[in-house]
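Undergrad: I'd like to ask you about the structure that follows.
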Amino acid sequence: MKKIILTGTESGWWFVCFAGRLWLPKGDAPYGTAEKWSLVGKTATIIGEWQGELVWLIAEKMPIDMVSPRMVAAQDEGLFRLAGRGVQLAEFYRSHRYCGYCGTLMRHSPTEWACLCDHCQERYYPQIAPCIIVAIRRDSHILLAQHRRHKQNPVFTVLAGFVEVGETLEEAVAREVMEESQIKIKNIRYVSSQPWPFPHSLMMGFLADYDSGEIEVDPHELIQADWYHYDELPKIPSSETIARRLIEDTVALCRNQE
Ligand SMILES: [Zn+2]
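Each step along the sequence shown adds one to the number in UniProt numbering, with nothing skipped, and position 187 is 187.
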């Protein structure tokens, strides 16, 4: 997209991103003029709007206050999505400087989020990894698991995994659940999605019902998994996550059937 050298009068929200990190001076997303934040002379691109103000991306590293975009999640969901866009685009441009076919230095497309090779006319777009996430209900119980990746912060959540090449979303849901827990599920239905910039996933949320089988966890993925009564849930993920939404939807289904 079109790049601008900042003169100082440009205004809006400033996302300075590098290597999956985001600049949050004093813990907040910077807002105001380029001059106020000493960004004059830097190269910036408009990546969206939030609350009627422009959102700018500057793809470079600041000496301090570079943190995970997750820090914005608590502030606002819309701002978090744009922060995720910022860190992913910055990383896309950093990892696509040269054409993967011929090695020629590429240029940024002025009209879309893409890198162009003028030698072999190839066009590269940011990678998005489709990922399914599913809450499974068995009467008044929900399947929740403690994942190895949450070892530091013991939270119990639903099952999730990446979609494989040549697979439908529904197939991915059934396969992931079978691989991680040995449970067969039925009545798989789509609910909602959430871009998740760690590093570039698109989470696609499903609900499903238990069909058959006994839980047997994959020790490479999970520490433990069990059926939890909807009234006695362990520590579950925070409210900005799609996992939380799926758990709450399942709790509502459990309540309704009683
Ligand atoms: Zn090329």
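We treat Cβ as the ideally placed atom computed from N, Cα and C, and that holds for glycine.
Would phenylalanine 80 pass as a contact of alanine 129 if the rule is Cβ separation under 8 Å?
TA: Not in contact: phenylalanine 80 and alanine 129 (Cβ atoms no closer than 8 Å).
Undergrad: Based on Cα-Cα distance, which residue from Gly12, His96, Arg148 and Asp231 lies nearest to glycine 52?
TA: Checking every option, the nearest Cα to that of glycine 52 belongs to Gly12.
Undergrad: Among Met106, Val16 and Val165, which has the Cα closest to the Cα of valine 87?
TA: Of the listed residues, the one whose Cα sits closest to valine 87 is Val16.
Undergrad: So for alanine 174, helix, strand or coil by DSSP?
TA: In this structure, alanine 174 counts as helix in the three-state DSSP scheme.
Undergrad: Tell me whether histidine 119, by its Cβ, gets closer than 7 Å to a heavy atom of ligand 1.
TA: For ligand 1, at least one heavy atom lies less than 7 Å from the Cβ of histidine 119.
Undergrad: Going by DSSP, which residues form a beta bridge with lysine 235?
TA: Its beta-bridge partners do not exist; DSSP assigns none.
Undergrad: Output needed for glutamine 75: all residues of its chain with C-beta closer than 8 Å, excluding positions within five of it in sequence on either side, in chain order.
TA: Excluding positions up to five away in sequence, the list reads Asp28 and Ala29.
Undergrad: Just to confirm the assignment, what range does the alpha helix (DSSP H) spanning leucine 86 have?
TA: With the sequence shown as reference, residue 86 is identified as glycine, and leucine is not the correct amino acid for it. Here the alpha helix (DSSP H) through glycine 86 covers 77-95.
Undergrad: Run through DSSP, which three-state label would glutamine 152 get?
TA: Residue state, collapsed to three classes: coil.
Undergrad: Run through the DSSP bridge pairs and tell me what isoleucine 47 is partnered with.
TA: Per DSSP, none; premise fails for isoleucine 47.
Undergrad: Just curious, the beta strand (DSSP E) that isoleucine 142 is in, first and last residue?
TA: Isoleucine 142 -> beta strand (DSSP E) spans 141-147.
Undergrad: Starting from phenylalanine 198, follow its DSSP beta bridges and name the residues at the other end.
TA: According to DSSP, which records beta bridges pairwise, phenylalanine 198 is partnered with nothing at all.
Undergrad: Indicate the three-state DSSP secondary structure (helix, strand or coil) for methionine 66 in the structure shown.
TA: Three-state result, methionine 66: strand.
Undergrad: Are the stretch 201-221 and the stretch 99-108 in contact at 8 Å, needing three or more beta carbon pairs?
TA: As far as the Cβ criterion goes, the stretch 201-221 does not touch the stretch 99-108, which means the pair count is below three.
Undergrad: Using beta-carbon positions only, say whether alanine 90 and alanine 59 come within less than 8 Å of one another.
TA: Their beta carbons are under 8 Å apart, which means alanine 90 touches alanine 59 by this criterion.
Undergrad: Since glycine 205 and isoleucine 242 should fall inside the 8 Å C-beta cutoff, what is the C-beta to C-beta distance between them, to a whole number of angstroms?
TA: Between isoleucine 242 and glycine 205 the Cβ distance is about 5 Å, and since that is below 8 Å, they are a contact.
Undergrad: Helix, strand or coil for isoleucine 58? Go by DSSP, reduced to three states.
TA: Correct three-state label for isoleucine 58: strand.
Undergrad: Could you check what DSSP says for proline 130 in three-state terms: helix, strand or coil?
TA: Three-state result, proline 130: strand.
Undergrad: Going by DSSP, what residue range makes up the beta strand (DSSP E) through isoleucine 223?
TA: Element bounds for isoleucine 223: 222-229.
Undergrad: Whether or not the stretch 217-232 and the stretch 140-149 are in contact is what I'm after, with contact meaning three or more pairs of Cβ atoms, one per stretch, closer than 8 Å; do they touch?
TA: Flag = yes, the stretch 140-149 and the stretch 217-232 touch.
Undergrad: What residue from Tyr31, Ile64 and Met62 has the CA that sits closest to glutamate 49's CA?
TA: Closest by alpha carbon: Tyr31.
Undergrad: Threonine 43 and lysine 3 look like a contact to me (Cβ under 8 Å); what is the Cβ gap, rounded to whole Å?
TA: 5 Å between Cβ atoms; contact.
Undergrad: Where DSSP assigns a beta bridge to leucine 116, which residues make up the other side?
TA: The partner list for leucine 116 (beta bridge, DSSP) reads Arg107 and Arg123.
Undergrad: When DSSP labels each residue in this structure, what does cysteine 99 get in the three-state scheme?
TA: Here cysteine 99 sits in coil by DSSP.
Undergrad: How far does the beta strand (DSSP E) with threonine 241 in it extend, from its first residue to its last?
TA: Threonine 241 -> no beta strand (DSSP E), and no H or E assigned at all.
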